[in-house]
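Going line by line, the protein sequences match chains A and B. Going by my numbering, the first residue of the first sequence is number -8, and it counts up by one from there. Going by my numbering, the first residue of the second sequence is number -8, and it counts up by one from there.
2 protein chains.
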Amino acid sequence: MPDATDERPYHHGNLRATLLDAAERGLRERGADQLSLRDLAREAGVSHAAPRRHFADRQALLDALAEAGFARLDTALRAALAGAGEGFPSRVRAAMMAYTRFATENAALLELMYTSKHRPGATRIVKAAEAPFGLMSELITQGQEQGALQAGDPERIGIVLFATLQGIASIINGNLVKPELLDELVDTAAEQFLQGAGR
Amino acid sequence: MPDATDERPYHHGNLRATLLDAAERGLRERGADQLSLRDLAREAGVSHAAPRRHFADRQALLDALAEAGFARLDTALRAALAGAGEGFPSRVRAAMMAYTRFATENAALLELMYTSKHRPGATRIVKAAEAPFGLMSELITQGQEQGALQAGDPERIGIVLFATLQGIASIINGNLVKPELLDELVDTAAEQFLQGAGR
DNA sequence: CAGAAAATGTTGTCATGGACTACAAAGTAG
DNA sequence: CTACTTTGTAGTCCATGACAACATTTTCTG
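1) I'd like to check one pair, LEU100 of chain A with MET127 of chain A: are the Cβ atoms closer than 9 Å?
2) For the region 73 to 89 of chain B, list every residue whose C-beta sits within 7 Å of some C-beta in chain A, in sequence order.
3) How about ALA32 of chain A and LEU10 of chain A: do their beta carbons lie closer than 9 Å?
4) Taking the alpha-carbon of GLY138 of chain A as reference, which of A:ALA94, A:ARG190 and A:ASP144 has the nearest alpha-carbon?
5) Under a three-way DSSP split, which group does GLY189 of chain B fall into?
6) Between which two residues does the alpha helix (DSSP H) carrying SER38 of chain A extend?
7) Please state the DSSP three-state secondary structure of LEU28 of chain A.
8) Just mark GLN157 of chain B as buried or exposed, buried being the case when its beta carbon has 16 or more other beta carbons within 10 Å.
9) Going by DSSP, what residue range makes up the alpha helix (DSSP H) through ASP48 of chain B?
10) Quick check: what's the CA-CA separation for GLN141 of chain B versus GLY74 of chain A?
11) Any beta carbon of chain A sitting closer than 9 Å to that of MET104 of chain B?
12) May I ask which residues mark the beginning and end of the alpha helix (DSSP H) holding ARG84 of chain A?
13) Provide the residue(s) that pair with LEU140 of chain B in DSSP beta bridges, ordered along the chain.
14) For a contact meaning CB atoms closer than 8 Å, what does SER161 of chain B contact in chain A?
15) Within 9 Å of any Cβ in chain A, is that where the Cβ of ILE150 of chain B sits?
16) Alpha carbons only, please: which of A:ASN164, A:GLU96 and A:ALA86 is nearest the one belonging to GLU15 of chain A?
17) From the beta carbon of PHE184 of chain B, is the nearest beta carbon of chain A less than 9 Å away?
18) Measuring straight from C-alpha to C-alpha, what distance separates GLY165 of chain A and THR155 of chain A?
19) Can you say whether GLU102 of chain B is buried or exposed, counting buried as having 16 or more other CB atoms within 10 angstroms of its CB?
20) From ALA160 of chain A to GLY149 of chain A, what does the alpha carbon distance come to, in whole angstroms?
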């Protein structure tokens, strides 16, 4: 008969969250390519096929990570803005730094987030991405209201700003420029933005 | 005895190039994840282990693709600049459009290029990336000499410009904004750059 | 509260693919 | 011509994703 002391319940009870947690660690430590459903199952102490009850296939797990990533990014951005002053320049800088920090500290995650393989099911990801995107647009709108920015479609301007940040992160994450240059590059980008889109 | 008509020579003669060619097509059509050495071998008509004579492992093949990608990118940028006028604004716009076109038309390749997994062997890739990067710096320097741009470290300014383009491409390739917006976004970025870094 | 239905896990299996080894054939140099 | 090197082949091992059939819990419903 099985020994009751180290008996595991048949139902894990929280497997989906446990898997996502382990996946995120694995993603950070070893990259998306090395993430294996079987590994995660082992780590969670369940059978090799158990994860399939929560994720239809490997890509579904990656998609879930990406989706959660956008939510975390949104949180990080909002936190940074909440802690920033009132003036537009300092708010923009705060958001810019928050984004690039997040992106460089979660390099593999960012890659997932921006690589939604054109697969049909990526709707959820696109949806999740709208939060941080929208935040940028709002920020731009505020800047225009404060008279710090020229008129113009806030979304379009926000996207370009967003893109610049994402690009800086890409280049650093891709090891094409030294990570130490991050702050300097963000400063340069901020100055150019404030002067280029300002008035 | 084997039929001499469709007999293949024991030595392929050009396997490495053939594999890279097939790999590039596969990359474009099915993405890096779906690239399998065994598939490529089949396509080239050689045994499953043959590719290993030319690429130590799968990643080595991907690295080679990335390296070649930077060379092609450099070529594309130089061609665009060669066909552009003399004035700085038109030259910058030409380079910007050339980059983003290349990046969106070779989405999977770009991803490889900017995802050198921090693996030690990535030195060659970083080296290959220097050509297009240097080109950007040169362009900035020209702009400064023509008096179109403020003074400042050309490399730093070039990197930020490069980053913006890469970011725009990322966002489009990641399906987060509609591809039709490409031109518009590049225009916006160009205007901001010329005004923000100009004088 | 019982029994049915739905969720969730398990075992077993298959096909694919990367990595490795030993061996074979073709090219090259002395 | 012979020895060495390069390039390809055959065979193997192992990990993994995907799937199917079955088991155990939980939850819903009458």
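For glycine and all other residues, C-beta sits at the position ideal for the given N, C-alpha and C.
Reading off the structure:
1) Cβ distance not < 9 Å, so MET127 of chain A and LEU100 of chain A don't count as in contact.
2) Per Cβ criterion, the list is empty.
3) At a Cβ-Cβ threshold of 9 Å, ALA32 of chain A and LEU10 of chain A count as neighbours.
4) Nearest Cα to GLY138 of chain A within the set A:ALA94, A:ARG190 and A:ASP144: A:ARG190.
5) Judged by DSSP in its simplified three-state form, GLY189 of chain B adopts strand.
6) Annotation for SER38 of chain A: no alpha helix (DSSP H) segment contains it, and DSSP assigns it neither H nor E.
7) In this structure, LEU28 of chain A counts as helix in the three-state DSSP scheme.
8) Per the 10 Å Cβ criterion, buried.
9) Where ASP48 of chain B is concerned, there is no enclosing alpha helix (DSSP H), given that its DSSP letter is neither H nor E.
10) When rounded, the distance between both Cα atoms is 33 Å.
11) Yes, MET104 of chain B lies at the interface with chain A (some Cβ there is under 9 Å from its Cβ).
12) 79 to 96 is the span of the alpha helix (DSSP H), which, as asked, contains ARG84 of chain A.
13) B:GLY189, per the DSSP bridge assignment.
14) Simply TYR105, ALA154, GLN157, GLY158 and SER161.
15) True, the Cβ-Cβ gap to chain A drops below 9 Å.
16) It is A:GLU96.
17) Using a Cβ-Cβ cut-off of 9 Å, PHE184 of chain B counts as an interface residue toward chain A, since at least one Cβ of chain A sits closer than that to its own.
18) Distance between the alpha carbons of GLY165 of chain A and THR155 of chain A: 15 Å.
19) GLU102 of chain B is buried by the Cβ-count criterion.
20) Rounded to the nearest angstrom, the two C-alpha atoms are 17 Å apart.
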